[in-house]
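Encoded as structure tokens, the structure appears first; notes follow it.
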Amino acid sequence: MNQYGMLSQLLDVVMALLLAPLLTGWLNQWRALLQNRSAPDLIQPYKVLHKLFFKESVIADHASPLFRMVPYLVFGCMTLASAIIPMLSTDLPLAPAADAIALVGLFAIARTFISLAAMDIGTAFGSLGARREMLIGFLAEPALLTVLFTSSLITRSTSLTSMVTSMSHNSFAIYPSLAFAGIAFVMVSLAENARIPVDNPATHLELTMIHEALILEYSGRHLALMEWAASLKLFAYSCIGLAIFFPWGVSTSASPLALMMALPVLVVKLAIGGALVAVIETLSAKMRIFRVPEFLATAFMLAVMGMLVHFLLGA
Amino acid sequence: MPNLVGQLINLLASILLILSFAMLSQRRILSLIRLFTFQGVTLVAATILLGYSTNQPHLYYSAALTQVLKVMVIPTLLHRLINHLNVRWDTETLINIPTTMMIGIILVIFSFNLAAPISSLSTSIARSTLGIALACVLLSFMMMITRAKAVPQVIGFLSMENGLFFSATAAVYGMPMVVELGIALDVLMGILILGVFMFQIRERFDSLDISHLEKLKED
């Protein structure tokens with residue numbers, strides 16, 4: 002492990018932690034603009050985090066230690082995930098520790114614990130949210146894995162860093178299988194990040210909520226960590242998408258200049274991606290919970306189709 | 328750049344496959360017609376590209392024929408038909424949609440396997456897309472089977488014709504002009520006759536549900 006690798010690893014994580022709330026704020030701003038509402042501040046998520054960190058954290062009397070532990074665990078999972086994903090550079094010392102499949106497992110750990118904590122208190126909303134979260138999770142996970150398999154078939158590696166390296170070094174070619182995988186990935190990430198066709202991130206205390214129902218019992222610094230972890234998850238999913246489908250601009254050589262150049266490129270890509278997600282969210286209506294399996298079955302089908310098309314066309 | 332054109336044809340073939348699946352999962356008749364129009368546009372683009380890459384001007388003619396017939400005339404006819412019949416509402420499928428999707432995947436694997444030995448005999452630039460074309464035919468066939476109402480069945484029939492047309496173009500650069508014109512006119516006539524049939528069915532049963540046709544006499 003050389004010094005440069007340490008530096009880029011550190012920069013990767015710190016940047017993810019700092020920029021994740023900004024992406025959420027940017028998305029909310031675009032959503033508000035597109036829906037003819039006056040937009041909240043771009044730095045609103047930071048203000049919310051700041052407020053929550055200085056508030057007292059109230060915990061139910063019969064909460065088990067698990068309930069206190071989960072915010073730190075979930076936040077840790079998301080931080081580790083953002084350490085593995087090549088955002089700025091492919092020279093990440095931590096990346097060999099986990100490939101794309103382990104990354105999906107990491108998200109699964111976070112999901113399992115967040116659901117356990119929601120059921121721990123024993124409120125109706127908590128267990129309702131936990132069940133819905135698990136329903137979505139078990140349908141979205143195979144689709145996400147299949148998307149990752151398709152891109153690893155093309156690049157002959159399941160490690161995200163080597164995927165990015167070989168994708169950005171190959172000469173330009175059109176991969177029809179990646180078109181399928183791309184659509185499937187967008188659908189999965191909308192479902193996983195509680196975005197509109199599946200869950201409405203703006204609802205609070207409604208019967209249709211999923212993510213909000215899970216974290217309803219948290220307050221103070223615990224809630225702040227949960228919110229931050231949710232932003233990090235969105236950020237991590239966006240970066241996985243960018244790494245697989247638009248890998249250009251990520252620094253693949255060990256030079257500080259390339260690393261510095263990668264940051265503005267990433268910010269521009271994320272800004273465009275965030276605006277596109279806001280457009281999708283504005284154009285679609287939230288679907289009934291019983292239509293969600295249909296939505297995710299379509300995503301899974303598209304992902305499988307991408308893999309089949311790869312075998313048929315060899316591209 | 329023949330390589331890029333080949334890749335583009337592969338991409339368009341994949342888009343055709345996506346559209347077939349979208350039609351399979353679509354509940355609304357209006358969206359079905361829109362998807363059918365998109366399928367026509369994709370077919371036109373693929374045919375033009377194939378004609379360009381192989382220098383076969385007759386493919387331009389069949390592209391023009393497809394454009395006029397399947398992108399302009401037939402969707403207009405279908406729109407008029409559903410306005411007259413007043414059937415704009417959602418249609419329920421006979422099997423639920425996730426199951427349909429899973430059967431669809433099996434059909435795709437089947438047709439990819441079936442087409443593999445055939446396409447290895449062909450010398451066409453688009454030979455590898457034969458499996459996709461076959462899959463489109465089978466998926467449209469399944470769409471006809473899983474729908475209870477008459478209008479989606481007709482759209483399934485038309486989309487099957489699209490798949491057949493694409494497979495002919497992909498495998499052997501299209502059929503002779505006479506055959507193509509014949510098929511095109513057949514499809515047009517088919518639409519007109521099926522339209523009359525649909526009016527008759529509704530007149531008789533007050534519904535477009537074709538399961539009524541299983542009864543031979545009134546009871």
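First to last, the sequence lines map onto chains H and L. Going by the numbering used here, the first sequence opens with residue 2, and the numbers climb by one from there. Going by the numbering used here, the second sequence opens with residue 328, and the numbers climb by one from there. For every residue, glycine included, the Cβ atom is placed at its ideal position computed from N, Cα and C.
Within-8 Å CB hit, residue i to chain H
{"i": "residue 328 of chain L", "result": "Reliability fails at residue 328 of chain L, whose pLDDT of 45 lies under 50, so the model's placement of it is uncertain and the value that follows must be treated cautiously. By this cut-off, residue 328 of chain L is not an interface position."}
{"i": "residue 532 of chain L", "result": "no"}
{"i": "residue 422 of chain L", "result": "no"}
{"i": "residue 490 of chain L", "result": "no"}
{"i": "residue 553 of chain L", "result": "Nothing about residue 553 of chain L can be reported from this structure: the residues present for chain L run from 328 to 546 only."}
{"i": "residue 537 of chain L", "result": "no"}
{"i": "residue 341 of chain L", "result": "yes"}
{"i": "residue 344 of chain L", "result": "yes"}
{"i": "residue 439 of chain L", "result": "yes"}
{"i": "residue 452 of chain L", "result": "no"}
{"i": "residue 510 of chain L", "result": "no"}
Under 7 Å by beta carbon: chain L residues contacting residue i
{"i": "residue 294 of chain H", "result": "425"}
{"i": "residue 314 of chain H", "result": "337 and 455"}
Environment of residue i [buried if 16+ CB atoms lie within 10 Å]
{"i": "residue 249 of chain H", "result": "exposed"}
{"i": "residue 519 of chain L", "result": "exposed"}
{"i": "residue 470 of chain L", "result": "buried"}
{"i": "residue 307 of chain H", "result": "buried"}
{"i": "residue 422 of chain L", "result": "exposed"}
{"i": "residue 278 of chain H", "result": "buried"}
{"i": "residue 488 of chain L", "result": "buried"}
{"i": "residue 238 of chain H", "result": "buried"}
{"i": "residue 397 of chain L", "result": "buried"}
{"i": "residue 426 of chain L", "result": "exposed"}
{"i": "residue 289 of chain H", "result": "exposed"}
{"i": "residue 505 of chain L", "result": "exposed"}
{"i": "residue 62 of chain H", "result": "exposed"}
{"i": "residue 121 of chain H", "result": "buried"}
{"i": "residue 547 of chain L", "result": "In the structure as shown, chain L begins at 328 and stops at 546. Residue 547 of chain L is therefore absent and cannot be evaluated."}
{"i": "residue 190 of chain H", "result": "buried"}
{"i": "residue 286 of chain H", "result": "exposed"}
{"i": "residue 153 of chain H", "result": "buried"}
{"i": "residue 244 of chain H", "result": "buried"}
{"i": "residue 59 of chain H", "result": "exposed"}
{"i": "residue 458 of chain L", "result": "buried"}
Cutoff 8 Å: residue i Cβ touching any chain L Cβ
{"i": "residue 305 of chain H", "result": "yes"}
{"i": "residue 181 of chain H", "result": "yes"}
{"i": "residue 214 of chain H", "result": "no"}
{"i": "residue 245 of chain H", "result": "no"}
{"i": "residue 95 of chain H", "result": "no"}
{"i": "residue 192 of chain H", "result": "no"}
{"i": "residue 72 of chain H", "result": "no"}
{"i": "residue 174 of chain H", "result": "yes"}
{"i": "residue 146 of chain H", "result": "no"}
{"i": "residue 143 of chain H", "result": "no"}
{"i": "residue 177 of chain H", "result": "yes"}
Partner residues on chain H for residue i, Cβ-Cβ distance less than 7 Å
{"i": "residue 365 of chain L", "result": "Under the 7 Å cutoff, chain H gives no residues; its nearest Cβ is about 14 Å from residue 365 of chain L."}
{"i": "residue 469 of chain L", "result": "Result: empty, since nearest Cβ-Cβ is about 13 Å, beyond 7 Å."}
{"i": "residue 458 of chain L", "result": "313"}
First and last residue of the uninterrupted alpha helix (DSSP H) at residue i
{"i": "residue 156 of chain H", "result": "125–156"}
{"i": "residue 238 of chain H", "result": "221–246"}
{"i": "residue 474 of chain L", "result": "Where residue 474 of chain L is concerned, there is no enclosing alpha helix (DSSP H), given that its DSSP letter is neither H nor E."}
{"i": "residue 46 of chain H", "result": "45–54"}
{"i": "residue 30 of chain H", "result": "4–35"}
{"i": "residue 114 of chain H", "result": "101–121"}
{"i": "residue 320 of chain H", "result": "With chain H covering only 2 through 316, there is no way to say anything about residue 320 of chain H."}
{"i": "residue 164 of chain H", "result": "161–170"}
{"i": "residue 504 of chain L", "result": "504–532"}
{"i": "residue 95 of chain H", "result": "Per DSSP, residue 95 of chain H belongs to no alpha helix (DSSP H) and is neither H nor E."}
{"i": "residue 265 of chain H", "result": "257–284"}
{"i": "residue 367 of chain L", "result": "356–381"}
{"i": "residue 69 of chain H", "result": "66–85"}
{"i": "residue 300 of chain H", "result": "293–314"}
{"i": "residue 535 of chain L", "result": "That residue, residue 535 of chain L, is in no alpha helix (DSSP H); it is neither H nor E in DSSP."}
{"i": "residue 215 of chain H", "result": "212–215"}
Under 8 Å by beta carbon: chain H residues contacting residue i
{"i": "residue 435 of chain L", "result": "306 and 309"}
Chain-ordered chain A contacts of residue i [CB-CB under 8 Å]
{"i": "residue 302 of chain H", "result": "Absent here is chain A; the protein component of the structure consists of chains H and L."}
Per-residue contacts from residue i into chain L (C-beta, under 9 Å)
{"i": "residue 299 of chain H", "result": "348, 349, 352, 424, 425 and 428"}
Contact list for residue i against chain L, beta-carbon separation under 8 Å
{"i": "residue 198 of chain H", "result": "Per Cβ cutoff of 8 Å: no residues; residue 198 of chain H is ~14 Å from chain L at best."}
Closer than 7 Å: residue i CB and nearest the ligand GTP heavy atom
{"i": "residue 272 of chain H", "result": "Summarising the ligand content, the structure contains no ligands, and the ligand GTP is consequently not present."}
Practice prompt. Give, in chain order, every unbroken run of the alpha helix (DSSP H) that is at least 4 residues long and sits entirely within the segment 387–454 of chain L.
Written response: Those alpha helix (DSSP H) runs which fall completely within the segment 387–454 of chain L and span 4+ residues are 401–412 and 424–448.
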